[in-house]
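This report refers to the structure that appears directly beneath it.
Number of protein chains: 2
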Amino acid sequence: LLYRLVINPKQIDSNLIKLNDEQRHYLRRVVRLNDGDVFIAMDGMGNNWKVQLNMSNGLIVESLVENKELPIKISLMVALPKGNGFEDIVRCTTELGVHRIIPIISDRTLLKPSNNKLERWRKIVKEAAEQSERQIVPDIVSPLSVEEAFKSFEETNILKYIAFARSQTSHLQSYLEQDLSVCNPSDIVIATGCEGGWTEKELQIANQYKFQEVSLGKRILRAVTAPIMVMSVVASTLEVSIHTPLI
Amino acid sequence: LLYRLVINPKQIDSNLIKLNDEQRHYLRRVVRLNDGDVFIAMDGMGNNWKVQLNMSNGLIVESLVENKELPIKISLMVALPKGNGFEDIVRCTTELGVHRIIPIISDRTLLKPSNNKLERWRKIVKEAAEQSERQIVPDIVSPLSVEEAFKSFEETNILKYIAFARSQTSHLQSYLEQDLSVCNPSDIVIATGCEGGWTEKELQIANQYKFQEVSLGKRILRAVTAPIMVMSVVASTLEVSIHTPLI
Numbered sequence: 004l005l006y007r008l009v010i011n012p013k014q015i016d017s018n019l020i021k022l023n024d025e026q027r028h029y030l031r032r033v034v035r036l037n038d039g040d041v042f043i044a045m046d047g048m049g050n051n052w053k054v055q056l057n058m059s060n061g062l063i064v065e066s067l068v069e070n071k072e073l074p075i076k077i078s079l080m081v082a083l084p085k086g087n088g089f090e091d092i093v094r095c096t097t098e099l100g101v102h103r104i105i106p107i108i109s110d111r112t113l114l115k116p117s118n119n120k121l122e123r124w125r126k127i128v129k130e131a132a133e134q135s136e137r138q139i140v141p142d143i144v145s146p147l148s149v150e151e152a153f154k155s156f157e158e159t160n161i162l163k164y165i166a167f168a169r170s171q172t173s174h175l176q177s178y179l180e181q182d183l184s185v186c187n188p189s190d191i192v193i194a195t196g197c198e199g200g201w202t203e204k205e206l207q208i209a210n211q212y213k214f215q216e217v218s219l220g221k222r223i224l225r226a227v228t229a230p231i232m233v234m235s236v237v238a239s240t241l242e243v244s245i246h247t248p249l250i
Numbered sequence: 004l005l006y007r008l009v010i011n012p013k014q015i016d017s018n019l020i021k022l023n024d025e026q027r028h029y030l031r032r033v034v035r036l037n038d039g040d041v042f043i044a045m046d047g048m049g050n051n052w053k054v055q056l057n058m059s060n061g062l063i064v065e066s067l068v069e070n071k072e073l074p075i076k077i078s079l080m081v082a083l084p085k086g087n088g089f090e091d092i093v094r095c096t097t098e099l100g101v102h103r104i105i106p107i108i109s110d111r112t113l114l115k116p117s118n119n120k121l122e123r124w125r126k127i128v129k130e131a132a133e134q135s136e137r138q139i140v141p142d143i144v145s146p147l148s149v150e151e152a153f154k155s156f157e158e159t160n161i162l163k164y165i166a167f168a169r170s171q172t173s174h175l176q177s178y179l180e181q182d183l184s185v186c187n188p189s190d191i192v193i194a195t196g197c198e199g200g201w202t203e204k205e206l207q208i209a210n211q212y213k214f215q216e217v218s219l220g221k222r223i224l225r226a227v228t229a230p231i232m233v234m235s236v237v238a239s240t241l242e243v244s245i246h247t248p249l250i
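So the sequences go chain by chain: X and U.
Each number in this note's numbering comes from the position in the first sequence (counting from 1) with 3 added on.
Each number in this note's numbering comes from the position in the second sequence (counting from 1) with 3 added on.
Set out below in structure tokens:
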């Protein structure tokens, strides 16, 4: 079982990966690798290599062809919950295969995140991508307003859903299975609200940008649980209904 | 939107609910109800009432007929993870509709939980059941060994799965959809491991008690994420494939 390390593509010089101090410390002191031991380096954009630790650098042994990502790119638009709940969302949904996370400042969002927060979330994403053996590192964009976020998905070949508690609409999984049986989207985006849910005005904006209202079941989920549940359901529905070759 | 309060059936005296000090404090000081305001009392076993606050007691106004529980009872057997991760598991899976949680001391479990822990988990379950508008309060049993836990599901009309990372087996959702199309189980039980996964010996015991090995997808989930993902997938598959009347 090989340890995964996210590197910057600029660190590659022909068949050498020039490790920085932090990476060297991590590989030698924390993971306890020695010269000659191998690990997996990933550039976060889908390219992975088997690499041998060699003095202060890594020697690329071979390029890896893996297939661990979902067949369709999943974006989550998540209204920021209070407290540190967003960290759990970021960690768990990265493990579950999210492609992009879009933090949203909604009408009922109390948290106004600092730049430090964004840096911290990106660090968590990187660690979670390494640990869960992803091939890519999901992207977290800077927080957007509700309108900016909905507007950024105007292309046509995208399935767009908004989760809404106490809704009379059908379940996300029903819509997903039905929609996937008739179209072949490039992306799927799902929006989940914060404590207190979406305001009437926000639902109108979602409707204007053609986001389909969906239910997440009969029980009421916290703002932290909803995106994790959404990502679980979407990932397993995709893995079960769209068969890609295992490599 | 009414506040939910879990009560002990012994507190009911004909059409009165005799509130204790803690409940009175909560309703009046925290939720800020006044005499005449209504809330929902639940006995945790499926009986719910609309109740009016009346001096130091609650006056039962009507018995509620709701249908928010899953059509099949779901038990999760969860090998205890390190740290406080089990609290997140308990909170999230209660929101998602679990019926019973069975903490397991597996070969690789580091945590030996005290009785205080069990009390704390039960408090979290109660709060999560109130907040997520459950009709029942899920049960958390005292921690069991792997063999005791597997052995406790010997009846025949139960679907039994064990999640196993890096497994070549099919996905939980595939097995579930297929099994539900040919049988009508009373219960479903799913086991998830702790950090490091199940040992060879534990998998043999699971096999002996007819637990089917299942995959949770191509990525590696943490011990905290796995049961939350499992409960998300099982709940939505049940809600989509088994239609019960909405009341």
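C-beta: ideal position from N, C-alpha, C; glycine also.
A residue is called buried once 16 or more other Cβ atoms fall within 10 Å of its Cβ, and residue 113 (chain X), having fewer, is exposed. Taking 7 Å as the cut-off between beta carbons, the residues of the segment 93–109 of chain U near chain X are 95, 98, 99, 100, in sequence order. Under a criterion of Cβ atoms nearer than 8 Å, no residue of chain U is adjacent to residue 44 (chain X); the nearest Cβ is some 18 Å distant. With respect to chain U, the C-beta atom of residue 220 (chain X) has a partner C-beta closer than 8 Å. As DSSP reads the structure, residue 61 (chain U) sits in a beta bridge with U:20, U:56.
When only Cα atoms are considered, residue 29 (chain U) and residue 35 (chain U) end up about 8 Å apart. Residue-level contact check: residue 48 (chain X) does not touch chain U, since none of the beta carbons of chain U fall below 8 Å from its beta carbon. Against chain X, a Cβ distance below 8 Å from residue 137 (chain U) picks out 222. With the rule of 3 Cβ pairs closer than 8 Å, the segment 161–180 of chain X does not count as touching the segment 46–65 of chain X. With contacts defined by Cβ atoms closer than 8 Å, residue 133 (chain X) and residue 222 (chain U) do not form a contacting pair.
In this structure, residue 109 (chain X) lies away from residue 52 (chain X), with their beta-carbon atoms at least 8 Å apart.
Excluding the 5 residues flanking it on each side, residue 234 (chain X) has same chain C-beta neighbours closer than 6 Å at 96, 99, 101, in chain order.
Legend: CB atoms of the segment 163–180 of chain U lying less than 8 Å from CB atoms of chain X belong to residues 174, 175, 176, 177, 180. For residue 140 (chain X) and residue 48 (chain X), the gap between their C-alpha atoms comes out near 7 Å.
Each of X:128, X:78, X:74 was checked against the Cα of residue 165 (chain X), and the nearest Cα belongs to X:78. Shown here is that no member of the segment 193–207 of chain X has a Cβ falling below 7 Å from a Cβ of chain U. Between residue 75 (chain U) and residue 182 (chain U), the beta carbon gap of about 11 Å keeps them out of contact (Cβ cut-off 8 Å). Per DSSP, residue 236 (chain U) is one residue of the alpha helix (DSSP H) stretching across 228–244. Residues of chain U whose Cβ lies closer than 8 Å to the Cβ of residue 130 (chain X) do not exist; the shortest such Cβ separation is about 11 Å.
Residue 54 (chain X) and residue 64 (chain X) do touch by the CB rule: their CB atoms are close to 6 Å apart, below 8 Å. Of the candidates U:177, U:138, U:156, U:203, U:138 places its Cα closest to the Cα of residue 70 (chain U). In this structure, residue 136 (chain U) places its C-beta atom within 8 Å of the C-beta atom of residue 7 (chain U).
The C-alpha of residue 19 (chain U) is placed about 54 Å away from the C-alpha of residue 144 (chain X).
For residue 134 (chain X), the neighbours in chain U by C-beta distance under 9 Å run, in chain order, 223, 225.
Just so you know, the alpha carbons of residue 212 (chain U) and residue 244 (chain X) end up roughly 30 Å apart. By alpha-carbon distance to residue 162 (chain X), the top candidate from X:186, X:150, X:155 is X:186.
The C-alpha of residue 196 (chain X) lies about 9 Å from the C-alpha of residue 80 (chain X).
Chain-ordered, the chain X residues with CB closer than 7 Å to the CB of residue 238 (chain U) read 220.
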